[in-house]
Amino acid sequence: MTIKRNHNKRRALKIPVILGIVLLVTAGWFVVHQLAGKNVFCSFSHKMRPTDGVLLYVAPPHSVSAKQHNFHVVSPGVWRSAQPSKESLLRMKAHGLKTVVNLRSGRAIERWERDTTESLGIQHYHFPMSAREEVPIKTIDAVLSVISDTAKQPALVHCRAGKDRTGLMIAAYKISQNPQASFRDIYQEMLMYGYDEKKYPAILISLRKWAESRGYAEIARAIEFQEKAFLKK
197 MTIKRNHNKR
207 RALKIPVILG
217 IVLLVTAGWF
227 VVHQLAGKNV
237 FCSFSHKMRP
247 TDGVLLYVAP
257 PHSVSAKQHN
267 FHVVSPGVWR
277 SAQPSKESLL
287 RMKAHGLKTV
297 VNLRSGRAIE
307 RWERDTTESL
317 GIQHYHFPMS
327 AREEVPIKTI
337 DAVLSVISDT
347 AKQPALVHCR
357 AGKDRTGLMI
367 AAYKISQNPQ
377 ASFRDIYQEM
387 LMYGYDEKKY
397 PAILISLRKW
407 AESRGYAEIA
417 RAIEFQEKAF
427 LKK
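This is the structure:
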């Protein structure tokens, strides 16, 4: 009788353990599939693998993506990130980086970064802008002309945190490459990388005015709708 009771106790203990394992596996599957659509997994070598029709970037052994904050491969020729360190620039160079576009306004940062990139044979462009002020249309166009030039790719675009000014330029780049793109998707990506609309409304205003100047009327209306929706909150 005692043996039977002990056996029943062991069976009772196994059931919660098995259920716990099933829940963990299910949660892991859900997280992977949620992140898959956001291209969170990235690398410099652009290796990709299919997962139910969705392509995920797979980081190679020497990727700096784990160390470089807000790093993302936007397209095979355009990368984005926060302020890179000298170590990151060295690693990026090893993965073929040709051009760096700095959107920060600090001269000290620009000076050491320019010296580092020049020593590595990387082209350096400085387009200082503020996230608190509207960015001139001509400045947005100038940045796009650099990063869209295949001879200058791969090109890295960065500001301090890689979220507001960089988010503006990457959004403009995506729109210029595909004017029929969904602004909702572009905006969600801006938020995913940390865009603060409450603190920096000038970013969306700049993007809308640029879109209007290029004749992207539908995109401009979608941006304006988002601006109004935010003001109603």
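Our numbering applies: residue 197 is where the sequence shown begins, and numbers increase by one. Cβ atoms here follow ideal geometry from the backbone N, Cα and C, with glycine treated the same way.
Classify residue i as helix, strand or coil using the three-state DSSP reduction.
i: V342; result: helix
i: Q376; result: coil
i: Q279; result: coil
i: Y369; result: helix
i: G363; result: helix
i: K289; result: helix
i: S301; result: coil
i: S326; result: coil
i: K394; result: coil
i: Y389; result: coil
Identify the residues that DSSP records as bridge partners of residue i: which are they?
i: A351; result: V274, T295
i: V269; result: W275
What's the call for residue i, buried or exposed, on a 16-neighbour Cβ count within 10 Å?
i: N374; result: exposed
i: I415; result: buried
i: T362; result: buried
i: H229; result: For H229, the predicted model reports a pLDDT of 41, less than 50, meaning its position is unreliable and no value from the coordinates is stated.
i: T313; result: buried
i: D360; result: buried
Is it the case that the CB of residue i approaches a heavy atom of the ligand ATP more closely than 7 Å?
i: H265; result: Here there are no bound small molecules, and the ligand ATP is not part of this structure.
At what residues does the alpha helix (DSSP H) containing residue i begin and finish?
i: Q422; result: 413 to 427
i: P397; result: 397 to 409
Over what stretch of residues does the beta strand (DSSP E) that includes residue i continue unbroken?
i: V321; result: According to the sequence provided, residue 321 is Tyr. The question's Val does not apply to it. Per DSSP, Y321 belongs to the beta strand (DSSP E) from 319 to 322.
Checklist entry - Do three or more CB pairs link the segment 374 to 389 to the segment 290 to 305 at distances below 8 Å? => result no
Item to check | Cβ contact check for the segment 276 to 296 and the segment 348 to 366: 3 or more pairs under 8 Å | outcome: yes
Item to check | Stretch-stretch touch, CB-based, cutoff 8 Å, three pairs: the segment 375 to 382 with the segment 333 to 352 | outcome: no
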